[in-house]
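K.L.:
Going letter by letter, the sequence shown gives residues -21 to -1, 1 to 965 in mature numbering (1 follows the signal peptide of the UniProt record, and there is no 0). From the three backbone atoms N, C-alpha and C, an ideal C-beta is built for every residue, glycine too. Right, I'll just put the structure down here and ask away after.
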Amino acid sequence: MTVGVGFCLVFLFLKVQFSASTQSNQVVLLDTTSVLGELGWKTYPINGWDAITEMDEQNRPIHTFQVCHVMEPNQNNWLRSNWIFREAAQKVYVELRFTLRDCNSIPWVSGTCKETFNLFYMESDEAHGIKFKSSQYTKIDTIAADESFTQMDLGDRILKLNTEVREVGPITGKGFYLAFQDIGACIALVSVRVYYKKCPFTFRNLATFPDTIPRVDSSSLVEVRGACVKNAEERDTPKLYCGADGDWLVPLGRCVCSVGYEELDGACIACRPGFYKAFAGNIKCAKCPPHSYSYDDGSQLCYCEKGYFRADKDPPSMACTRPPSPPRNVVFNINETSLFLEWSPPSDTGGRKDLTYNVLCKRCGPGLQQCELCGGELRFVPRPQGLTNASVTVLDFTAHANYTFEIESQNGVSELSSFPRPVAAITISTDQGGPSLVGMVQKDWASQNSIALSWKEAEQPSLPVVDYEIKYYEKEHEQLSYSSTRSKMPSVIIAGLKSSTVYVFHIRARTPAGYSSYSPKFEFETGDEASDMAADQGQVLVIVTASVGGFTLLVILTLFFLITGRCQWYIKAKMKSDDKRRAQYQNGHGPFPGIKTYIDPDTYEDPTQAVHEFAKEIDTSRIRIERVIGAGEFGEVCSGRLRTPGKKEIPVAIKTLKGGYVERQRKDFLKEASIMGQFDHPNIIRLEGVVTKSRPVMIVVEYMENGSLDSFLRKHDGHFTVIQLVGILRGIASGMKYLSDMGYVHRDLAARNILVNSNLVCKVSDFGLSRVLEDDPDAAYTTTGGKIPIRWTAPEAIAYRKFSSASDAWSYGIVMWEVMSYGERPYWEMSNQDVILSIEEGYRLPAPMGCPVALHQLMLHCWQKERSHRPKFTDIVSFLDKLIRNPSSLLTLVEDIQGLPESPGDVPDYPMFISISDWLDSIKMGQYKNNFLAAGFTTLDSVTTMSIEDVRQIGVTLIGHQRRIVSSIQTLRLQLLQVQEKGFHV
């Protein structure tokens, strides 16, 4: 007791150093430092814990509890709090601040002194006065001090506090008690703070989100739907996710300010007078366009000033406009057959560009008391209404008449004006020539291509007729252009016409005084009568057509040879240039930079440095998350938009790191970004950047609209041609060649890890299992842990955990099989153990239905048991390029040929036949041996160059025999290529 009392008396004069820690996402249920009166806590037994109240510098009470019965054994001293109402909490946190004395610094104590105490709790729906029973309490934890003080520390008169926080929950009762058990320690309990966490009320994207309590399960998030602020409306449903630490994560959707309102400091305020906003969205109010106004707050559009209008199709941002003034400077030019009117545009277009013109005609002539509208005898070219050019041609006007033409200009708002439309008018007299000297015109005869006409002369012409002018044109194509001819007699034969076509004729006479007016229009049709002339003209037409056709063919052939020669020259030059550049590239010189070497992030002393070196940091304000599209190993995967200054928004995929992570998970999550950031290839998924300086942590990559390749193929089963599938395989192989050249092994190459964009470009992704290779090309990464995808993994990688580019080549063969089978599961429903045993015994996947022989042979080469015999990705790309350039090599399907090898061990390293006779006998076509020899095909090499036309020419006439021989030639050609290249180098 002496030690205990001494400790307490000394502690009364000590000062403790601590600072309050409060956060906006914490709701405090109890804080002993803020209680003004007595706490009223109970002690059992009464002489166990001592309650001491002091005043701090601000004259506020400090409630402490002390116990120091270290001299007496078997201590069991309890301190119980008052009943604490849990409010909305499911899980609470208890923060203890205390000091504890080092037992070694207290003399005359041996095994009776302790340096820990215990924390308990008990749930209860209400406060009660039931007698204290320790058995009713549940232990939370044993509390130990990080720092204990000694007698020497008491001289400093300042003690540092120990702070410990423990979780309690889930709590289902309305409240609970806390209890502290001393078992023989020298303790001063300075403060107790009880709180729970919540995601506090917040504003995001013009939406409000209420206080939200996290779930007890720290790995799951609470989805909270927001409510748009006043004068805003949903564009996409606004959502936030409440994390276990009381932080808001993964914002989705947004609200936008309604029509007539703009965003300012997180609120939507009304547009000022003189401004408007016609569409909902986060755009600013715009100033009223010219000649418009708004007087009220929150205007959706601006009203036009008097005399100004806005057409129905005009956007609200367009200035109000008015009708145009009339045209200016109308002039005309009249000749023997037509009247040409021309004018200048109006001086005032009304502020619009949709200017058109209308021409109204009035006729004033002898015998007419007043002018009347022109009838249908006049023709306007191109038309009298809606003219876009400031001119028009008038045809078929009457001589000795006065015409008044009123020309009106109009635009898109002319119909909206109630004012009379001003016009420009001009009066023209057509008193040229005299009356028509041509009587009734008749058709004498007509053939398919000509018409004979005759007419009566005037009975008593005042002047002799010099000749006649005949003007004609097709009735269906009335236009400014026409044909004319002359005749000295009152008859004419007009040839060169179209058959079965109606023509319009005008005839006028020429006298020494000039031309008379035209006769009325007469219409006649060709093709009414047959004649000998028609046959002659038909023969001439055939001859002319043949001549023209021959000449055209000659021109086409000349151009073809010129272009072909030029293309061949270009292709050869291009191939030489490409070969030269490729050699320079492989040597690390030339216009292409040398291939970079991959750097393993694990080689960095601080892996975070690798992230900053290879990945670009993105400001979170540039990212707009739209929706959750999946879940990854570390958190949600979302789609969204990335805004880059000076460029348009691009769609992106966003991987997020869920709340409650530990530092190791954060490093593993960002490691994939430091890997992807080193790659730059059109067939490798592109990293846009990372977000590490705010929460949640994100990895942002390009968005692949069509998702993973396996599901995409299953969705479009049978929709692609073989050459399209080869193109898909070529893209994947190109990406893997790039990785292999960098000294990099993927380890998890499968169709599920290939992503497809909207242009059907395939890109390698998912670098979670990827590892680096050493400079030695035969080196392999060895791992002792991690899951291995058995169906896609090479035997040596399964058995010995040795991964290399050769094991990636094995996986690529499986990907080929997945593509050609449209996403079927490799080895179907076989168990993983059966797959391993079957491969060890030499079994290989058979060719999918419709698979070309050449592609299945490539698969089998990828599945060679000896990894050094497998093709390099450089060879695979080269081989696929040759197949694409020669699509006929893909025509032979595996199911069309019997006896093809089904496993790599069966792939022949030499031709199956040593002579043409052996070969023909094997396919039961021995009857054609002499045909081949007589045609000069004496070696297997020469046979591989044969086409189906060559087979026909040597005398194989039966179609079935032709097909069998050609199919066998395809297989023979593939076998010979393997031998000639001494491996796979095709």
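1) Relative to the C-alpha of residue 270, which candidate in 296, 261, 248, 251 has its C-alpha closest?
2) Between the alpha carbons of residue 659 and residue 718, how many angstroms are there, rounded?
3) Looking only at C-alpha atoms, which of 107, 675, 733 sits nearest to residue 994?
4) Assign residue 676 to one of three DSSP states: helix, strand, or coil.
5) Compare the C-alpha of residue 380 against each of 350, 404, 399 and name the closest.
6) Report the rounded CA-to-CA distance for residue 930 versus residue 941, giving the unit in angstroms.
7) From the DSSP output, read off the bridge partner residues of residue 685.
8) From which residue to which residue does the alpha helix (DSSP H) around residue 799 run?
9) Does the beta-carbon of residue 960 have 16 or more other beta-carbons within 10 angstroms, so that it is buried, or is it exposed?
10) Looking only at its chain, what residues have a beta carbon closer than 6 Å to the beta carbon of residue 910, apart from the 5 residues adjacent to it on each side?
11) Determine the DSSP secondary structure at residue 916, reduced to helix, strand or coil.
12) In this structure, how does DSSP classify residue 760 when only helix, strand and coil are distinguished?
13) Starting from residue 381, follow its DSSP beta bridges and name the residues at the other end.
14) For the 8 Å Cβ check, are there 3 or more pairs between the region 824 to 835 and the region 797 to 807?
15) Around the Cβ of residue 79, are there at least 16 other Cβ atoms within 10 angstroms (buried) or fewer (exposed)?
16) Which runs of the beta strand (DSSP E) fall wholly inside the region 226 to 308 and span at least 3 residues, in chain order?
17) Can you tell me the Cβ-Cβ gap for residue 98 and residue 122, rounded? I've got them flagged as a contact below 8 Å.
18) Contact check, residue 446 vs residue 462 under 8 Å by CB: the rounded distance?
19) Does the structure place the region 298 to 309 close enough to the region 381 to 399 that three or more beta carbon pairs sit under 8 Å?
20) Could you tell me if residue 342 is buried or exposed, where buried requires 16 or more neighbouring beta carbons within 10 angstroms of its beta carbon?
21) Verify the CB distance criterion: does residue 812 have a CB-CB separation below 8 Å to chain C?
22) Between the Cα of residue 488 and the Cα atoms of 921, 442, 150, 25, which residue gives the shortest distance?
23) Between residue 794 and residue 848, what straight-line distance do the alpha-carbon atoms span, to the nearest angstrom?
24) Would you report the Cα separation of residue 259 and residue 593, rounded to the nearest angstrom?
25) What would DSSP say about residue 167, mapped onto helix, strand or coil?
26) What is the rounded straight-line gap between the Cα of residue 291 and the Cα of residue 310?
27) How would you write the range of the alpha helix (DSSP H) that residue 668 sits in, first residue to last?
28) Among 367, 353, 371, 354, which has the Cα closest to the Cα of residue 360?
29) Per DSSP, residue 5 is paired with what?
30) Beta carbon of residue 306, beta carbon of residue 275: below 8 Å?
31) Let's see if you can read the secondary structure: which residues bound the beta strand (DSSP E) around residue 358?
32) Considering only residues of the same chain and omitting the five flanking positions on each side of residue 479, which have a CB-CB separation below 6 Å?
33) Which residues in the same chain have their Cβ closer than 6 Å to the Cβ of residue 323, if we skip the five residues on either side of it in sequence?
34) Helix, strand or coil: which one does DSSP assign to residue 715?
35) What's the gap between the Cα of residue 319 and the Cα of residue 332?
36) With the cut-off set at 8 Å, would you say residue 227 and residue 178 are in Cβ contact?
P.N.:
Working from what's here:
1) Taking only the C-alpha atoms, the option nearest residue 270 is 296.
2) C-alpha separation (whole angstroms): 10 Å.
3) Any answer about residue 994 is impossible in this case: the structure gives the chain only from -21 up to 965.
4) DSSP, reduced to helix, strand and coil, places residue 676 outside both helices and strands of the structure shown, so it counts as coil.
5) In terms of CA proximity to residue 380, 350 leads the group 350, 404, 399.
6) When only Cα atoms are considered, residue 930 and residue 941 end up about 7 Å apart.
7) Per DSSP, residue 685 has no beta bridge partner at all.
8) Element bounds for residue 799: 784 to 799.
9) Any reading at residue 960 must be qualified, since the residue scores a pLDDT of 47, below 50, and its modelled position is unreliable; the value itself is stated next. With fewer than 16 other Cβ atoms within 10 Å, it is exposed.
10) Here the set comprises 933, 934.
11) Secondary structure at residue 916: coil, using DSSP grouped into helix, strand and coil.
12) Its pLDDT being 45, under 50, residue 760 is placed unreliably by the model, and nothing is read from it.
13) In DSSP, residue 381 forms a bridge with 343, 408.
14) The count of Cβ pairs closer than 8 Å, one atom from the region 824 to 835 and one from the region 797 to 807, reaches three, so the stretches are in contact.
15) With 16 or more other Cβ atoms within 10 Å, it is buried.
16) Within the region 226 to 308, the complete beta strand (DSSP E) runs of at least 3 residues fall at 227 to 236, 240 to 243, 246 to 249.
17) With a Cβ gap of about 6 Å, residue 98 and residue 122 count as contacting.
18) The pair is not a contact, with the Cβ atoms about 17 Å apart (cut-off 8 Å).
19) Touching, yes.
20) Flag for residue 342 reads buried.
21) As a matter of chain content, chain C is missing from the structure shown, which is built from one protein chain.
22) Comparing Cα-Cα distances from residue 488 to each of 921, 442, 150, 25, the minimum goes to 442.
23) Rounded to the nearest angstrom, the two C-alpha atoms are 19 Å apart.
24) Rounded to the nearest whole angstrom, the CA to CA distance from residue 259 to residue 593 is 40 Å.
25) Residue 167 falls in the strand class under three-state DSSP.
26) Roughly 35 Å separates the two Cα atoms.
27) For residue 668, there is no enclosing alpha helix (DSSP H); the residue is part of the beta strand (DSSP E) that begins and ends at 666 to 670.
28) Looking from the CA of residue 360, the closest CA among 367, 353, 371, 354 belongs to 371.
29) DSSP lists 176 as partners of residue 5.
30) Against a cut-off of 8 Å, the Cβ pair of residue 275 and residue 306 comes out as no contact.
31) Counting along the chain, the beta strand (DSSP E) containing residue 358 begins and ends at 358 to 360.
32) Cβ contact annotation for residue 479 (same chain, cutoff 6 Å, sequence separation greater than five): 506, in chain order.
33) Here residue 323 has 307, 308 as same chain residues with Cβ atoms under 6 Å from its own Cβ, once five neighbours each way along the sequence are excluded.
34) Secondary structure at residue 715: helix, using DSSP grouped into helix, strand and coil.
35) If you take the alpha carbons of residue 319 and residue 332, they lie about 25 Å apart.
36) Residue 227 places its beta carbon less than 8 Å from that of residue 178.
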